[in-house]
Amino acid sequence: MGEQKNVQSEITDFLILEARLLDDWKLDEWLALYDDKAIYWIPIDEHSDPNISPSIIYEKKKILLLRVEQLMREKRLSQTPRSEIMHQISNITIDEGEHNQAAARYSLLVGETRSGDWRQNGLGNIRFFVGHCYVKLTRFENSWRILSKTIVLLDRKQPILGLSFIL
Amino acid sequence: MGLICKPINKLLVLSDTKLEVHQLLEATLFNTGVEKGVELPYVVESTDEFLVSTAAYRDSAVFEAELANIFYRTWIYVAHESELNNPGDFKSTLIGLQPVIVARDQNGQVNVFLNACRHRGSILCREERGNTRVFNCPYHGWAYRPSGELIGIPGEDRYPPSFSKKDHGLISVPRVENYGGLIFASLNPDVQSLESFLGRAKPHIDYWLKRCAGGRYRTGTSYKYGYDGNWKFQAENVYDGYHAGFVHRSAYNTFRKFEGSFTGRHYGVVRSDGHTRGLAGGHGTLEMGKPLESDFISSEAKAAYFQKLVELNNETDAHEILSNRHVLLFPNVVIMDFNIRVIQPLAHDRTEVYSYPMLIDGIDESISYGRMNDVQTRVGVAGMVGADDVDVFHGSQSALHATGAKWLNLSRGLGKEEIISDGERIGAFSDETPQRAFWRHWQTVMGLTKEGE
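Heads up: the sequence lines are chains A and B, in that order.
When we follow the numbering used here, the leftmost residue of the first sequence carries the number 1, and every step to the right adds one.
When we follow the numbering used here, the leftmost residue of the second sequence carries the number 1001, and every step to the right adds one.
Printed below as a string of structure tokens:
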């Protein structure tokens, strides 16, 4: 019972850490939370097979490495000025599976804005990205690693603007 | 349905003007108002200068005139036939700002009609796509077939004897034609044939069609993004070979660091191979001059696919078929290497873009899905390449508030192009050849030139 509570709070802390690293633009540390075989999925149709159906993002870690590189070590036009981001996670439920695995579901609210000359189009205002997150985790050393993360945005079937940062 | 083309501004054809061009430009460069007695053109062309007024992007009156003179008079892409495979399949889209339903009826014919009930004007369909035997109006239940025919009025006995269902079918878009699976519609009953409209863009579409290598294109769910800016910024960008080394520098540097990720998908500062084309009718191309295939496809699969293309055509044509190009069909649809983009204007300062990955059934599926993943990561909703263009469009729209900056300069390549027959010009990869073809035709259809082109 105590051990179960431990896992629940471990994973909750882990998910908060993931969100914090994204907010703080520590993207290399963020990506290190992902298993080498991890999959990151932002579906358009969450019931589709993303190998054969279009998604907003459906990428393995090796492509996430490119995204992180572009954002951390290249000057990206659509991130100059850079986004200020706040990931709010809540309504977390965690299911422990077998073989040192677990699954979490939570609600995600991300606020994002770019300042610079805020009066210009594409800058100013806070944009919101809202959805349900599903994460599969596996034990790794004294902690956990993400095997898969799926973000089901509420407006996934509509035009979306501004996904030039890591959601 | 007579639409009146009223020029909203009188173009001063250069030979008629009392002012030399440079006098005209100097007189208006820093003024925010219209010179007394001088009405400003939207496009000014001389032998070594091609200028477009910022008002052409900024003014809501121009946008209204574009709807009337372009979107409601010419051919507008509404669907690929693979989006309507079965009788009853339908799709909601827009012609200009008019909501239409594109539907395949029980006889297999594709119909396009206005999404508006003939009773009290209720919207008939609130879905993006689906399949139905009957469209039931949500308000009072009037029922229409996917042919547009009105077949049911609940409580019909309360209508006068003269009232006939036959007279109250959905308002159909008068012209619908299909070229190679691309379905276009026009609100203009007298529009020229689609093939005639496509003109010198046809050979480029034909090369794209031959990529099917005996199979058939199937449209994937579109990637959708939007921006607060004029639609012509996106149109001008799709065949802009000049910008990539700057706007996409961060993506290209990244691709170079990860060998085998996006091979050949990165350029130097200003790319020199390949070329651009400006065609009569406002169409234009950007041609890379070589194939750019997805790294997500194995070399064996690529080799087998190329072999199949050689068998079905010949080796020279196989190279041309695989050679990458972006073809903008005036005004707003773009055939790209692995996708079709629709540039949907919603207001003078609001645009959405729908990018459909085009899969091919009947060939090795790894070709389709490798290409889809390539498009998705590069130019999808969260494209490592594409998202940066959108920021440029936003910036351009904001800069339009500088009304004192009256002219944009689209002279790159002017006087250095190869001019061939039928109004076709070939420029360097970074030239503004296709944009000029767009604006020349824009002037014509907007009723702003004295002679057609």
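Where a beta carbon is used, it is the ideal one built from N, C-alpha and C, also for glycine.
- Contact with chain A is absent for B/M1358, since none of that chain's Cβ atoms lies less than 9 Å from the residue's Cβ.
- With contacts defined by Cβ atoms closer than 9 Å, B/H1441 and B/F1258 do not form a contacting pair.
- When secondary structure is reduced to three states using DSSP, B/G1152 falls in the strand class.
- Three or more Cβ pairs closer than 8 Å define a contact, and the segment 1421-1433 of chain B falls short of that threshold against the segment 1314-1321 of chain B.
- Classified as buried, A/E69 has 16 or more neighbouring CB atoms from the shown chains inside 10 Å of its CB.
- Going by beta carbons, B/S1294 and B/G1383 fall outside the 9 Å limit.
- For A/K75, the C-beta contacts it makes with chain B under 7 Å involve S1250, in order along the chain.
- Interface residue (Cβ-Cβ distance to chain A less than 9 Å): B/G1278 is not classified as such.
- Sequence-distant partners of B/Q1435 (beyond 5 residues in either direction) whose C-beta falls short of 6 Å from its own C-beta, in its chain, are E1236 and L1410.
- In this chain, A/K61 is not harboured by any beta strand (DSSP E); it is covered by the alpha helix (DSSP H) spanning K61 to R73.
- When the Cα atoms are used, B/S1193 and A/C133 turn out to be separated by approximately 50 Å.
- Counting only Cβ-Cβ distances below 7 Å, A/G131 has no contacts in chain B at all, with the closest Cβ about 14 Å away.
- The residue from A/L109, A/K26 and A/T138 with its alpha-carbon nearest to that of A/D95 is A/T138.
- Uninterrupted beta strand (DSSP E) stretches at least 3 residues long and entirely within the segment 1208-1255 of chain B occur at 1216-1219 and 1223-1227, given in chain order.
- Within the segment 1266-1354 of chain B, the runs of alpha helix (DSSP H) that reach at least 4 residues and sit entirely inside it are, in chain order, 1299-1312 and 1315-1322.
- Taking C-alpha positions only, B/G1264 is separated from B/M1288 by approximately 10 Å.
- Across the set B/G1415, B/L1097 and B/V1379, the C-alpha of B/L1097 shows the shortest separation from the C-alpha of B/F1071.
- The beta-carbon of B/D1431 is placed no less than 9 Å from the nearest beta-carbon of chain A.
- The segment 1212-1221 of chain B makes no contact with the segment 1237-1256 of chain B: fewer than 3 CB pairs, one atom from each, lie closer than 8 Å.
- By the Cβ neighbour-count rule, A/S55 is buried, with 16 or more other Cβ atoms within 10 Å of its own.
- A/L154 is a Cβ neighbour of A/V130, given a cutoff of 9 Å.
- If you draw a straight line from the Cα of B/E1045 to the Cα of B/G1141, it is about 56 Å long.
- Within the same chain, Cβ atoms closer than 7 Å to the Cβ of B/D1349 are found at D1228, G1229, N1230 and Q1397, the five residues on either side in sequence being excluded.
- Leaving aside the five residues that flank B/P1087 on each side, the residues in its chain whose CB is nearer than 6 Å to its CB run, in chain order, R1104 and Q1106.
- Residue burial annotation: B/L1286 is buried, with at least 16 other C-beta atoms found within 10 angstroms of its C-beta.
- Where B/V1392 is concerned, the enclosing alpha helix (DSSP H) starts and stops at G1386 to A1399.
- By the beta-carbon neighbour count (other beta carbons within 10 angstroms, threshold 16), B/E1083 is buried.
- Relative to B/G1415, the option among B/Y1042, B/F1050, B/H1204 and B/V1043 whose CA is nearest is B/F1050.
- For B/M1446, there is no enclosing beta strand (DSSP E), as DSSP marks it with neither H nor E.
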